[in-house]
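In order, the protein sequence lines correspond to chains A and B. For the first sequence, counting from 1, position 12 maps to 12 in the working numbering; every step adds exactly one. Quick note, the working numbering runs 1000 ahead of the 1-based positions in the second sequence. These notes concern the structure reproduced below.
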Amino acid sequence: MRREQLVFVIVLLVGSSLILFVVPPQQSPVRLGFTSHRSSFGSRGIGNVGWFMPADTLISTSYSANRTLVGFIEATLNVFPYQITPGTVLYLGLYTNGRLAATQDYNLSSSHKTPATILGNVENGVASFSNSLLGFTVSQFPLNATLPVGTTVTVTVWVSNPIWVEVDGTSVTHSYESFGLGSSPPSVIVAEAGNIGPHTLSVGLESNAG
Amino acid sequence: MQGNIRQIMTSLLGLLVLSLTLFPPAHAGFVGNDDGEFDVSSTPSYVFVQEAFDTCCGLHWATSPPFNDVSLQYNPDFDTSYWIQNGGDWFQTVISSDPNGCAGFHIQVWNTGSGKLNWRADYPTSGCITVSQILNNNAVWYIQENVYNGDPRYAGMITSVYFGLTGNGGLSYTLYTGGHGGWWKWLRSNICWCGTDGGYATFSSAGGHSYMGSNVNVNAIGPPFDIATLENSNMRYSCFSNSGTTLMSQLFSADGGHC
């Protein structure tokens, strides 16, 4: 090996080692870790009551943000893993002040690590379940502009086969049913439009607590 | 000329030694927020951590400021996240509990460059849920990150996270993160029995077996160069057993030895 080549190799090795050790530095320059401080609204997701949500029905649930929305909006719909028909497709839409902000679709599996079981009887399409849930999210992130307190956030749900969704018996908000709109969330939606549904879906919402 | 080259070589080697001296590994390893690290041999379908408390100990702590809560954290490697993850994000999954066994499941996504919280999802979305005897002997805490391994464009992405708690009662929750096959990749990881909110947990009586499993082989690798999580504790971890198999394990203990 020629001397110039040797020097080049050594410089390369030293340079690489410096990059490895200096960038990023050993003490992480940022504060990562688990924070329990949350900015959430909507349903908490606690409860074991499920409703057999019908297929081909667009169900919307709206909440008014009780805090400024910063960074992202994340919405979760809770579903009981109980007798889900194979091939079932779930469509979620997320709206801010009636405008479509994000969509998400899921092909639901019929196989689950911990299936839920029904406790007691099914009455009027409502049942109590064991402690096992699936949370399906739809998110807008990054959120390019901060949204003020009072922003109306709406989540729409459409499913190709009936599924057992968690309902929130404590909510003062209603869920609304619309028919014949198809599976894709419309680009604009009016909060509290349609028929008041028999139950309020459990929809949790989160943003950056700052 | 030969003398010059020797001088340059000596200087550069000196620089190398100096850089190693100035930037040593950040920690001793296998205590608190560093149980070592594990990786997988190929694209997995899932990678889980299972914490099973021994009959001796359960999980008890003397202090854990600021809120007296503790966490089981399943953390990806900081540097790998910085270089490889989508946007330099750090995808953390957590089970938290207070001293009464009131628990929560969490995903938090932080940016390794800015330190911003880019996304989170929690169950429940606020507060916690009490699950009977999840701090007692023989309780099991479980987190499984499910990974897409089909279409090569999305292979390796985390699609959902299954959380499970088993005590006298049980609670399980699977959180689907969305995206086209997932937003974030599974990366080499470690676990942490830690405090919360930047705190240090002092475990008084705690111990059990920690398992890392997958449908592909799980390998023990050296402790990470950079520890990402702020939280820490006095929990000690043994060396890994059965590295290179689909079920690797180590012991954790508040007062035992460490690797």
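Don't be surprised by glycine CBs; every beta carbon is placed ideally from N, CA and C. These numbers were taken from a predicted model, which means no experiment stands behind them.
Comparing C-alpha positions only, which one of the options sits nearest to residue i?
i: B:Thr1245; options: B:Gly1029, B:Asp1039 and B:Tyr1237; result: B:Asp1039
i: A:Leu133; options: A:Pro142, A:Gly150 and A:Ile163; result: A:Ile163
i: A:Gly71; options: B:Gln1073, B:Gly1036, B:Ser1114 and B:Trp1083; result: B:Ser1114
i: A:Ser139; options: A:Asn195, A:Glu74 and A:Leu108; result: A:Glu74
i: A:Thr170; options: A:Leu205, A:Ser39, A:Asp56 and A:Ser43; result: A:Ser43
i: B:Thr1166; options: B:Phe1053, B:Val1031 and B:Phe1030; result: B:Phe1053
i: A:Arg38; options: B:Phe1105, B:Trp1090 and B:Phe1048; result: B:Phe1105
i: B:Met1248; options: B:His1209, B:Asp1255, B:Asp1034 and B:Gly1257; result: B:His1209
i: B:Ser1214; options: B:Ser1064, B:Gly1164 and B:Val1047; result: B:Val1047
i: A:Thr57; options: A:Ala209, A:Pro198, A:Gly204 and A:Asn208; result: A:Pro198
i: A:Ser207; options: A:Thr68, A:Gly150 and A:Gln104; result: A:Thr68
i: B:Gln1050; options: B:Asn1234, B:Tyr1237 and B:Phe1163; result: B:Phe1163
i: A:Gly125; options: A:Gly204, A:Asn48 and A:Pro54; result: A:Pro54
i: A:Phe136; options: A:Gly204, A:Ser111 and A:Trp51; result: A:Gly204
i: A:Gly50; options: A:Asn107, A:Val172, A:Leu77 and A:Ala145; result: A:Leu77
i: B:Val1218; options: B:Gln1085, B:Tyr1148, B:Ser1241 and B:Thr1125; result: B:Ser1241
Would a check of beta-carbon distances place residue i closer than 7 Å to chain D?
i: A:Phe72; result: No chain D appears in this structure, whose protein chains are A and B.
Name, please, each residue of chain B whose Cβ falls closer than 8 Å to the Cβ of residue i.
i: A:Val30; result: Trp1110, Asn1111, Thr1112, Gly1113, Ser1114 and Gly1115
i: A:Gly42; result: Thr1125
Compare the C-beta of residue i against all C-beta atoms of chain B and say whether one is closer than 7 Å.
i: A:Gln140; result: no
i: A:Thr76; result: yes
i: A:Gly45; result: yes
i: A:Phe34; result: yes
i: A:Arg38; result: yes
i: A:Gln83; result: no
i: A:Asn208; result: yes
i: A:Ser111; result: no
i: A:Thr114; result: yes
i: A:Ser169; result: According to the sequence shown, residue 169 of chain A is Gly rather than Ser. So, not an interface residue.
I'd like to know whether the C-beta of residue i is nearer than 7 Å to at least one C-beta of chain A.
i: B:Gly1222; result: no
i: B:Gly1087; result: no
i: B:Asp1151; result: no
i: B:Gly1198; result: yes
i: B:Ser1071; result: yes
i: B:Ala1052; result: no
i: B:Val1161; result: no
i: B:Leu1135; result: no
i: B:Tyr1237; result: no
i: B:Ala1121; result: yes
i: B:Tyr1173; result: yes
i: B:Val1094; result: yes
i: B:Ala1206; result: no
Please list, in chain order, the chain A residues whose beta carbon lies closer than 8 Å to that of residue i.
i: B:Ser1233; result: Within 8 Å Cβ-Cβ: nothing; B:Ser1233 doesn't reach chain A, min ~12 Å.
i: B:Trp1090; result: Leu32
i: B:Phe1203; result: Those do not exist, as B:Phe1203 stays about 16 Å from chain A at its closest Cβ, beyond 8 Å.
i: B:Gly1164; result: Lys113 and Thr114
i: B:Thr1229; result: Leu32, Gly33 and Phe34
i: B:Phe1067; result: Ser36
Whose Cβ in chain A lies nearer than 7 Å to the Cβ of residue i?
i: B:Gly1170; result: Asn131
i: B:Ile1129; result: Ile46
i: B:His1209; result: Under the 7 Å cutoff, chain A gives no residues; its nearest Cβ is about 20 Å from B:His1209.
At a CB-CB cut-off below 9 Å, which residues of chain A make contact with residue i?
i: B:Asn1118; result: Gly71, Phe72, Phe141, Pro142 and Asn208
Run through chain B and tell me which residues come within less than 7 Å of residue i, C-beta to C-beta.
i: A:Leu58; result: Here the premise fails: no neighbours, minimum Cβ distance about 19 Å.
i: A:Tyr106; result: Tyr1176
i: A:Phe136; result: Tyr1176
i: A:Gly204; result: Thr1125
Does any heavy atom of the ligand ADP sit closer than 6 Å to the C-beta of residue i?
i: B:Arg1153; result: Inclusion of the ligand ADP in the displayed structure is not the case, the ligand content being empty and no account of it being possible.
**Prompt:** Would you call the stretch 117 to 135 of chain A and the stretch 1190 to 1200 of chain B touching, i.e. three or more CB-CB distances under 8 Å?
**Reply:** With a cut-off of 8 Å, the stretch 1190 to 1200 of chain B and the stretch 117 to 135 of chain A do not count as touching, because too few Cβ pairs lie within range.
**Request:** Mind listing, in chain order, the continuous alpha helix (DSSP H) runs of no fewer than 4 residues lying wholly within the stretch 1134 to 1202 of chain B?
**Result:** When DSSP assignments are scanned along the stretch 1134 to 1202 of chain B, no uninterrupted stretch of alpha helix (DSSP H) that is 4 or more residues long falls wholly within it.
**Prompt:** Is the stretch 112 to 120 of chain A touching the stretch 80 to 91 of chain A, taking contact as three or more C-beta pairs under 8 Å?
**Reply:** Taking 8 Å as the limit for Cβ pairs, the verdict is that the stretch 80 to 91 of chain A does touch the stretch 112 to 120 of chain A.
**Prompt:** Counting Cβ pairs, one atom from each stretch, are 3 or more of them under 8 Å apart for the stretch 147 to 159 of chain A and the stretch 53 to 71 of chain A?
**Reply:** Judged by Cβ distances under 8 Å, the stretch 147 to 159 of chain A makes contact with the stretch 53 to 71 of chain A, as three or more pairs qualify.
**Request:** Check whether the stretch 1218 to 1232 of chain B touches the stretch 1069 to 1087 of chain B, taking contact to mean three or more Cβ pairs, one atom from each stretch, closer than 8 Å.
**Result:** Enough Cβ pairs lie closer than 8 Å, so yes.
**Prompt:** Which ranges would you report for the beta strand (DSSP E) in the stretch 1067 to 1110 of chain B if only whole runs of at least 3 residues count?
**Reply:** Segments of the beta strand (DSSP E) lying fully in the stretch 1067 to 1110 of chain B: 1070 to 1076 and 1089 to 1097.
**Prompt:** How about the stretch 92 to 109 of chain A and the stretch 1135 to 1152 of chain B: do they share at least three Cβ pairs that are nearer than 8 Å?
**Reply:** Taking 8 Å as the limit for Cβ pairs, the verdict is that the stretch 1135 to 1152 of chain B does not touch the stretch 92 to 109 of chain A.
**Asked** Is it true that the stretch 33 to 41 of chain A meets the stretch 174 to 194 of chain A, where meeting means three or more beta-carbon pairs spaced less than 8 Å apart?
**Response** Fewer than three pairs of CB atoms, one per stretch, sit closer than 8 Å, so the stretch 33 to 41 of chain A makes no contact with the stretch 174 to 194 of chain A.
**Request:** Give, in chain order, every unbroken run of the beta strand (DSSP E) that is at least 3 residues long and sits entirely within the stretch 34 to 91 of chain A.
**Result:** Segments of the beta strand (DSSP E) lying fully in the stretch 34 to 91 of chain A: 39 to 42, 49 to 53, 57 to 64 and 69 to 79.
**Any 3 or more C-beta pairs closer than 8 Å across the stretch 1194 to 1209 of chain B and the stretch 1228 to 1237 of chain B** = Yes: at least three Cβ pairs fall under 8 Å.
**Asked** Does the stretch 1095 to 1107 of chain B touch the stretch 177 to 184 of chain A, meaning 3 or more C-beta pairs lie closer than 8 Å?
**Response** The stretch 177 to 184 of chain A is not in contact with the stretch 1095 to 1107 of chain B.
**Request:** State whether the stretch 1085 to 1094 of chain B contacts the stretch 1063 to 1075 of chain B, with contact taken as three or more CB pairs (one from each stretch) at a distance under 8 Å.
**Result:** Contact holds: three or more Cβ-Cβ distances are below 8 Å.
**Request:** Can you check the stretch 116 to 155 of chain A for any beta strand (DSSP E) of at least 3 residues that lies completely inside it and give the ranges in chain order?
**Result:** Listed in chain order, the beta strand (DSSP E) runs fully inside the stretch 116 to 155 of chain A are 118 to 123, 126 to 129 and 132 to 147, counting runs of at least 3 residues.
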